[in-house]
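Each residue of the sequence shown is one higher than the last, beginning at 1 in full-length UniProt numbering.
For glycine and all other residues, C-beta sits at the position ideal for the given N, C-alpha and C.
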Amino acid sequence: MRNLVSLQRRVWALEASSQSENRCVAFASIPGDAQVFFLRSSGRIEALQLDEQDAHSPSKDLELFLDLREFVEDDDASAGCWRWMNYVAELGTLVCASTSGALVSVDVDTRDGEEVGNVDSGLRAVAWTSNQEMLALVTGAGSLLVMSNDWEVLHETEIESSMPSELELSTSRQDEESWCCELCWREDTKFVALNIATTRRDDDREESEVVHKVLVFTDQLEFHALGRLEDGRAIPALGSALHWSQSLALIASTELRKGRLVVVFFERNGLRHGEFVIPAVYRAPQYRVGRVRWNTTSETIAVSLHPTGKDDDNQPPVIQLWSRNNYHWYLKQELQLRTDDRLVDFNWDEEVAGRLNVVACSAHSQTLTFYEHEFSWDICSVEAEQLTRGEGQEARQSVAMTGVIDGSKLLLTPLHRAMVPPPFALLQATFDAAINSVVFDSQTETLLVLLANGDVILVENYLTPTDVRASSAGLPPPPNAARSRSGTLMSMTTVKLIHAGLDDEPFTLSSLLWVRFSPESCRLVFAGKTGWRDQLVLCSMDTLNANTETEGATVCPVQLFDVRRACEVLQVHQVMTEGISVELALQTHRGAVYTLTALSDEEELVPTGVATKFPAFSHMTVLDCRSTNEQSESTRDGIVVIGLEGSSARLYVNGELLASACSSFRYSSLTSVLLFTTQGRESQLRIAPISGIQGFSCGKTSGSNTVNFESRSIERGALLVATVGQRASVIVQMPRGNLECMSPRLLVLALVVQQIQAREYVSALEICRRHRLDLNVLVDFNPQAFIKSFPQFLTLFITNLHPVDVWATKYGPLLEPFNVVASTDDTQDNGTDSSDLEKVNTVCQEFMGAIQEIENDGEEAEAALLLPFVTSAVKQSPPRFDKALGKIQKLLHRSECDNETSSAQNRAAATRAIKHLIVLTDVDSLYSEALGLYDLDLVRTVATHSQRDPKEYVPFVDRVARLKNENWRKPVLRTKKEKVKLHGITLDLIKQGELYDQALELFPHTPVKQSDRAFRQQILRLKGEFLDAEKKYEAAAFVYLAASEKEKARRSFIAARKWQMALALSARDQTPDKLRNEAYALAQELLNNQQQDGA
1 MRNLVSLQRR
11 VWALEASSQS
21 ENRCVAFASI
31 PGDAQVFFLR
41 SSGRIEALQL
51 DEQDAHSPSK
61 DLELFLDLRE
71 FVEDDDASAG
81 CWRWMNYVAE
91 LGTLVCASTS
101 GALVSVDVDT
111 RDGEEVGNVD
121 SGLRAVAWTS
131 NQEMLALVTG
141 AGSLLVMSND
151 WEVLHETEIE
161 SSMPSELELS
171 TSRQDEESWC
181 CELCWREDTK
191 FVALNIATTR
201 RDDDREESEV
211 VHKVLVFTDQ
221 LEFHALGRLE
231 DGRAIPALGS
241 ALHWSQSLAL
251 IASTELRKGR
261 LVVVFFERNG
271 LRHGEFVIPA
281 VYRAPQYRVG
291 RVRWNTTSET
301 IAVSLHPTGK
311 DDDNQPPVIQ
321 LWSRNNYHWY
331 LKQELQLRTD
341 DRLVDFNWDE
351 EVAGRLNVVA
361 CSAHSQTLTF
371 YEHEFSWDIC
381 SVEAEQLTRG
391 EGQEARQSVA
401 MTGVIDGSKL
411 LLTPLHRAMV
421 PPPFALLQAT
431 FDAAINSVVF
441 DSQTETLLVL
451 LANGDVILVE
461 NYLTPTDVRA
471 SSAGLPPPPN
481 AARSRSGTLM
491 SMTTVKLIHA
501 GLDDEPFTLS
511 SLLWVRFSPE
521 SCRLVFAGKT
531 GWRDQLVLCS
541 MDTLNANTET
551 EGATVCPVQL
561 FDVRRACEVL
571 QVHQVMTEGI
581 SVELALQTHR
591 GAVYTLTALS
601 DEEELVPTGV
611 ATKFPAFSHM
621 TVLDCRSTNE
631 QSESTRDGIV
641 VIGLEGSSAR
651 LYVNGELLAS
661 ACSSFRYSSL
671 TSVLLFTTQG
681 RESQLRIAPI
691 SGIQGFSCGK
701 TSGSNTVNFE
711 SRSIERGALL
721 VATVGQRASV
731 IVQMPRGNLE
741 CMSPRLLVLA
751 LVVQQIQARE
761 YVSALEICRR
771 HRLDLNVLVD
781 FNPQAFIKSF
791 PQFLTLFITN
801 LHPVDVWATK
811 YGPLLEPFNV
821 VASTDDTQDN
831 GTDSSDLEKV
841 NTVCQEFMGA
851 IQEIENDGEE
861 AEAALLLPFV
871 TSAVKQSPPR
881 FDKALGKIQK
891 LLHRSECDNE
901 TSSAQNRAAA
911 TRAIKHLIVL
921 TDVDSLYSEA
931 LGLYDLDLVR
941 TVATHSQRDP
951 KEYVPFVDRV
961 ARLKNENWRK
971 PVLRTKKEKV
981 KLHGITLDLI
991 KQGELYDQAL
1001 ELFPHTPVKQ
1011 SDRAFRQQIL
1021 RLKGEFLDAE
1031 KKYEAAAFVY
1041 LAASEKEKAR
1051 RSFIAARKWQ
1061 MALALSARDQ
1071 TPDKLRNEAY
1081 ALAQELLNNQ
1091 QQDGA
């Protein structure tokens, strides 16, 4: 999701050489020093001091540093043959080599040179290791040498011995490109790769076909691998370029395939591994690939394209910057030189990964031009709360758009609609040339694109393409797309830039910074910077009345130079309204930050500086934390500048270091929090409040000058892409390219609070359900407002209602330091009144009252509100089962009188309500309460769905149903439910209803009254008889003992074959003779039952 953004562009125009044939062939710079050396083919070394004051000057004289011919014995042989120059930091020298074989070391401090070697057969390639301890050379005789920096030969081998037998080295010196070859080391100096021209041995033609081969050797020059296809076949049309990535992974080269230029990659074992195709605009034979170069982090590869001059049209040299993500190669930048320039060389800076140095030479005047480009990775996106209109209503929508540059295609993904991972995209816009810069309008569906050829394209309605096939994901446009003056389809308009100081010369920009388009007035205003001193310019255009072919945008230069980054100042306390002024924040290369009113009608705009000086940021966000009164006083104290220094990965707030290992950050305007990712021992996503950050930058933070933040672990290397405010979502891109969406609890809670304040309880409920927040926060945040704004269809909310104040105990302390709750009159008002009224009972009673009023509208409303009503009834303390079951009972009786369809619907609604109550309450309590309503149909329904054992309730319900007299039914059901005292109830009723246990529970073991004691004895006897009838003799015997019926107990023990207990009872009150007779009788009975042991 990232693009390469141009931060800085400096140009030094140098004087021409006295001889047109004495062309510049190489350049070298000293890391950390602003000095560049240029080598000409004659051996002349010239120096340039990179002073910012001289940058963009019309011309600067080069200083003669040294002439190599003074230190070469045979200067005539090396005249015009100098080719290579490298700065060796360990030796402090410039090492220069010529194709004739001369090797000269030049001391930079003393400006003294020494010829350290000379190869008679000449040199074809020179390459230093990354640690500059070894030097590899390819001689004209076909030898590969490795030397130390003391100029001793360490290893040597013949190249032809490692090549296929049918090939031999090409020794023709007529073409310098065929004679010279490419040589490069791997970063760890363990391997060296060679790309050299070969010919076939049996080719007798005068001009033999040249075939390039890639060979890999070890550091001791043992042959390791030969470049080939995945199936082992040779690559027929390999190019001459070669470079090994710093990450040790891939070797880059080129290939010509069916007229198309292809950059191919090899592994260390020589197998080809991946490729990308140069756009068809640069085809062979009009163009050829000169060099390929990886930057120090191996994230970007630069490819130089040189015109061959075979066409009459003047074609410029081009440098393309490519990057890979998720197994796809993207063309991120295309630098086009002047048509009359020749690209001499280019290289990446060794210290700053995004800095590219380029040297070009004029083909006519031999004037040298030195370019220094600095790029940085940034996510081109827009996050805003846009105002949408439809059907006479206005609504806010959280918008998160990303645009990924891929050559001439812009891949657009609205993350608030669909989260499509790269290299795919939801939508796609194609242009006539490669894209270098893109900016989005935060308020409308408009973007602005800067192409490599200098054209500026205005794109309106980019979410609604003219062709559905333009959507890579195949999704149709949204049905409620906002209509503009050009309809709902995407439209592109070329914006011509008109500068008052330039008559007919075209005016071009090097980068776009900001855009704002008003659909009502059709006025376009955008900011950019020029390629000359990075000057800020503001351009405005009336797209409605202007003729785009003859008229264009008026360019208004601002007297602010060396502009690095720019962004729109975001208002923290702003109430979003239309027609307000827009303030831009700009930073220069020296770190100074300025603000500028962009939509002002003044002819001359004067930027206002911010007092604090900052580091040079690669990404910046500026917040205006001032209140309305402070803004009217024009004070700058409330400006908060948040910036990320890309080279050191440090995050600053108003110049104060906030995080030392930060990879990305985003500001969420809806919740006023700062989100940033850290890279270290544990990668984290941290969320910090803006109020705490503002206090941290002003030194007002209490304690140890730190900011309170919420953190969560993420995958190492993950980057923030966008935040979607209305969904409380944070979208993160993983290192391998896939997207992940997360919802931090803090953002979710802040969104719920805002929806509660706006009385959007249904939306707040859905958010709480989706993210598993305690639903009590809906009422605890502001109970009085919640009761007044009764939300419908909140059964789930009532179900989770409990008496604990979750705002005061759980969520309030979490949000307190983040200051995301607006201080309005109707915020939290849950003091003692709410606690005295008992929150749960109060809310449930209000719900029941409101539901009863709504039920007057008809039976449909009553059926729809059945679940909320019964839920509100049973959630009270104590539960109102009578209200809930009464409502269900009424519905069951109604089903008996209605027709068949209505009866089925009513019974289904009643069954659904009973199942709902079973989940909410205790099953036994619900069954008991159903008995108290004396409704056997309701009792049967509750018992059926409560998963009770049918053997338990079916016989009882059937026996009660057989009682024809209603006066008999009610006491039985009441006794079963309430367990009332049985005084006045006949023993026959207890026996008929099998209510022995319930009746015994009503009497203590030691009744006080004699009547109660006698009644208890009778109940025990009845229970013993019942157990005897059920053949539960042992239990009956013990019950008889409790009733003092020893004889019946003895008989029951005998029936249960418990002869020990029977004899023990007999021994208490019988004579020995009677006891003996009874023992004989028991023994005889045991023998009859075949229990000899017991007998």
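Answer with yes or no whether the minimum CB distance from V88 to chain E is below 7 angstroms.
Among the protein chains of the structure shown there is no chain E, as only one such chain exists.
For W213, the first and last residue of its enclosing beta strand (DSSP E):
The sequence as given places Lys at residue 213; Trp does not occur at that position. Counting along the chain, the beta strand (DSSP E) containing K213 begins and ends at 211-218.
Do you know how far the Cα of R291 is from the Cα of H212?
14 angstroms
In angstroms with no decimal places, state the Cα-to-Cα distance between A785 and V724.
28 angstroms
Please list the terminal residues of the continuous alpha helix (DSSP H) segment that includes R940.
936-945
Go ahead and pull the three-state DSSP assignment for I714.
coil
DSSP three-state label for T198, please.
strand
Alpha helix (DSSP H) containing R770: first to last residue?
761-771
Delimiting residues of the alpha helix (DSSP H) encompassing F847
839-854
Assigned secondary structure, N1077 (DSSP; H/G/I helix, E/B strand, else coil):
helix
If you draw a straight line from the alpha carbon of N480 to that of K409, how long is it in whole angstroms?
In this prediction, N480 scores a pLDDT of 42, lower than 50, which makes its location untrustworthy; the coordinate-derived value is nonetheless stated afterwards. Taking the straight line from one Cα to the other gives about 26 angstroms.
Have a look at K951 and V957 and give me their C-alpha separation to the nearest angstrom.
11 angstroms
Stretch-stretch touch, CB-based, cutoff 8 angstroms, three pairs: the stretch 339-347 with the stretch 418-425:
no
Opening and closing residue of the beta strand (DSSP E) in which residue 1097 lies
This structure gives no information on residue 1097, because the portion of the chain shown stretches from 1 to 1095.
Could you spell out where the alpha helix (DSSP H) holding E682 opens and where it closes?
Note, E682: premise wrong, no alpha helix (DSSP H); not H, not E.
For F869, three-class secondary structure by DSSP
helix
Where does L885 land, buried or exposed, given buried means 16+ other C-beta within 10 angstroms?
buried
Kindly identify the DSSP beta-bridge partner or partners of Y287.
P307
Label E583 either buried or exposed according to how many other C-beta atoms from any shown protein chain fall within 10 Å of its C-beta, with 16 as the threshold for buried.
buried
What do you reckon, are the CB atoms on V721 and M1 nearer than 7 angstroms?
yes
Pull up the distance between the alpha-carbon of T402 and that of E383, whole angstroms please.
9 angstroms
Own chain residues within Cβ distance below 8 angstroms of R124, not counting five before or after
T99, V138, T139, G140, W179, C180, C181, I196
Are the beta-carbon atoms of V459 and V495 separated by less than 7 angstroms?
no
Please list the terminal residues of the continuous beta strand (DSSP E) segment that includes E160.
Here E160 belongs to no beta strand (DSSP E), and DSSP marks it neither H nor E.
State the DSSP-derived secondary structure class of A553, mapped to helix, strand or coil.
strand
Segment limits, alpha helix (DSSP H) that includes L226
From DSSP, L226 is part of no alpha helix (DSSP H) but of the beta strand (DSSP E) over 223-226.
Residue of E645, S1066, D61, L215 minimising C-alpha distance to F617:
E645
Where does the unbroken alpha helix (DSSP H) through L749 begin, and where does it stop?
745-757
Report the residue from N326, K788, N776, R681 whose alpha carbon sits nearest the alpha carbon of T809.
N776
Q53 classed as buried or exposed, judged by whether at least 16 other C-beta atoms fall within 10 angstroms:
exposed
Helix, strand or coil for R907, going by three-state DSSP, please let me know.
helix
For R266, count the other beta carbons within 10 Å of its own beta carbon; 16 or more makes it buried, fewer makes it exposed. Which is it?
Checking the sequence shown, residue 266 turns out to be Phe, not Arg. Buried: at least 16 other Cβ atoms inside 10 Å.
If I follow the unbroken alpha helix (DSSP H) through E1047, where does it start and stop?
1046-1055
Could you tell me if L606 is buried or exposed, where buried requires 16 or more neighbouring beta carbons within 10 angstroms of its beta carbon?
Position check: residue 606 holds Val in this sequence, whereas Leu was assumed. Exposed: under 16 other Cβ atoms inside 10 Å.
Give a single yes or no on whether R228 has its beta carbon closer than 6 angstroms to a heavy atom of the ligand ADP.
Because no ligand of any kind appears in the structure shown, any question about the ligand ADP cannot be addressed here.
Thinking C-alpha only, which one of M620, S208, T157, L135 is nearest L167?
S208
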